[in-house]
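Take a look at the structure set out below.
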Amino acid sequence: MNKPVRISRAVIMTKGPCFGNCGVYSITVLQNGIALLEGKEHVELKGVYFTELNDDVFSSLVRDLKKIDHSKLQDRYFINIPDLPSTAFQFYNTQGEKIKEVTSNTKLPDDLQEIQTKLANISKSSAWTQIQKKEDMINPEIIYNELQIDLDSSYTIENLISDYSLYNLKVVHKLSPYMNLYLVTYDGDSIGKYEMLMTLRRLKGVRTALFNRKLKSREE
3 MNKPVRISRA
13 VIMTKGPCFG
23 NCGVYSITVL
33 QNGIALLEGK
43 EHVELKGVYF
53 TELNDDVFSS
63 LVRDLKKIDH
73 SKLQDRYFIN
83 IPDLPSTAFQ
93 FYNTQGEKIK
103 EVTSNTKLPD
113 DLQEIQTKLA
123 NISKSSAWTQ
133 IQKKEDMINP
143 EIIYNELQID
153 LDSSYTIENL
163 ISDYSLYNLK
173 VVHKLSPYMN
183 LYLVTYDGDS
193 IGKYEMLMTL
203 RRLKGVRTAL
213 FNRKLKSREE
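In short: position in the sequence shown from 1, add 2, done, that's this note's numbering.
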C-alpha cells in the first residue's frame with residue numbers, strides 16, 4: 003500500500019485592504035513548490051489560481067525561509083495610522099505545522115521584507131491557472147467540503163481514497179452508473195479547500211474536480 007499523500011504548507015502571505023486601491027490577496031506556497039493565489043480586490047488576477055514555481059524561484063524562497071529566526075520576530079509590527087494596509091505571514095515547519103504568525107503595517111525586518119518582496123513578485127509574474135472564479139469564492143450555492151470527481155480508467159476511486167486518507171477523503175455516492183463520477187467529502191479542518199481542489203485537479207487520472215453545488219428547486 004502506498005504511503006498517504008501529505009500536503010504541507012511552507013508560508014502564507016495575506017495582504018489586507020486600505021481606504022484606497024491596495025491589492026487584497028493571499029498567496030500560499032506549499033512544500034512541494036506549488037503556489038496558490040487568492041485574488042480579491044484591486045489585483046489583476048481575481049479568483050483562485052495555482053502555479054508550479056520553477057526550481058530557482060522556489061529554492062531561493064526556501065533558503066530565505068530557513069534563514070529566519072522565528073524566536074526573534076515580533077508578533078506585530080504596527081504604527082498607529084489606520085489607513086495603512088496590513089500584511090500577515092504564517093510560517094510552517096517541515097512537517098507542515100504552523101510555528102509563527104506575524105502581522106504588520108509598517109517596515110519589516112530585512113529578512114522578512116525579502117520574503118514579502120519575493121512572494122509579491124511571484125503573485126505578479128508566474129503563469130497561473132485558474133481553478134475558481136471570484137464570484138464563486140463566497141457563494142452560498144457551493145458546498146466547499148464536497149467535490150465532484152471524474153476519474154479515467156487509470157486511477158480508481160479506491161486508490162484516491164487511500165492516497166488522501168490523511169484528509170478523511172470519503173465517497174458520498176457514485177453520481178453515474180456508467181461513468182467514474184463520484185461525490186466525495188473531506189475534512190476541511192485538516193486541509194484548505196483550495197489546496198484540496200488544486201491537488202485533485204493536478205492528479206494524473208483525474209479528468210475534472212469541482213466543488214459540489216446545492217440543487218435549486220423548481221420554484222427558484
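Backbone N, C-alpha and C fix where the C-beta goes; we use that ideal spot for every residue, glycine too.
Practice item. Find the nearest neighbour of Q115 within the set I145, L202, T89, P6, judged by alpha-carbon distance. Key: T89
Review point. Whose C-alpha, out of G194, D77, N182, is nearest the C-alpha of M139?
Key: Minimum Cα-Cα distance from M139 among the listed residues G194, D77, N182 corresponds to G194.
Review point. Is I29 closer than 8 Å to L153 when the C-beta atoms are compared?
Key: no
Check your understanding: Within this structure, are the beta carbons of K2 and P87 separated by less than 8 Å?
Key -> It is not possible to answer for residue 2, since the shown part of the chain is limited to 3 through 222.
Review point. Which residues does DSSP pair with A211 in a beta bridge?
Key: DSSP output for A211 lists I151 as bridge partner(s).
**Study point:** Alpha carbon of L75 to alpha carbon of N161, nearest angstrom
**Key:** So the two alpha carbons sit approximately 43 Å from each other.
Exercise for review: Consult DSSP for R8 and reduce its assignment to one of helix, strand or coil.
Suggested key: coil
Exercise for review: Run the CB neighbour count on E143, radius 10 Å, all protein chains shown included, and call it buried at 16 or more, exposed below.
Suggested key: Exposed.
Check your understanding: Along the chain, where does the beta strand (DSSP E) that runs through Q97 open and close?
Key -> Run containing Q97: none; DSSP gives neither H nor E here.
**Study point:** Close Cβ partners of N95 (< 6 Å) along its chain, the five nearest in sequence each way excluded
**Key:** I101
Exercise for review: Would you mind giving the Cβ-Cβ distance between M198 and Y169, rounded to the nearest angstrom? I have them listed as a contact below 8 Å.
Suggested key: 7 Å
Check your understanding: If we ignore side chains and look at the alpha-carbon of each, how far apart do S219 and L212 end up?
Key -> Because S219 carries a pLDDT of 48, less than 50, the predicted location of this residue cannot be relied on, and no value is offered for it.
Point to revise | Burial state of E202 (16 or more Cβ within 10 Å) | key: Position check: residue 202 holds Leu in this sequence, whereas Glu was assumed. By the neighbour-count rule (16 or more Cβ atoms within 10 Å), L202 is buried.
Point to revise | Per-residue burial, I81 [other beta carbons within 10 Å of its own, 16 or more giving buried] | key: I81 comes out exposed.
**Study point:** Spatially closest choice to S156 from R8, D191, L205, F93, by CA coordinates
**Key:** That would be L205, whose Cα lies nearest to the Cα of S156.
Exercise for review: Pick out whichever of G35, V50, D77 has its Cα sitting closest to the Cα of R65.
Suggested key: Considering only alpha carbons, the answer is G35.
Exercise for review: Taking the CB atoms as reference points, tell me whether G49 and Q134 lie closer together than 8 Å.
Suggested key: yes
Review point. Between which two residues does the beta strand (DSSP E) containing E116 stretch?
Key: Here E116 belongs to no beta strand (DSSP E); instead the alpha helix (DSSP H) covers 112 to 127.
**Study point:** Per-residue DSSP class, three states only, for H72
**Key:** helix
Practice item. Have a look at the DSSP bridge pairing and note the partners of K172. Key: Its beta-bridge partners are T187.
Point to revise | Among L171, E43, S178, K176, the one whose alpha carbon lies nearest that of D191 | key: L171
Practice item. Compute the Euclidean distance between the alpha carbons of Q33 and M181, then round it to the nearest angstrom. Key: 34 Å
Point to revise | Presumed contact (8 Å Cβ cut-off) between S128 and T53, rounded CB distance | key: 4 Å
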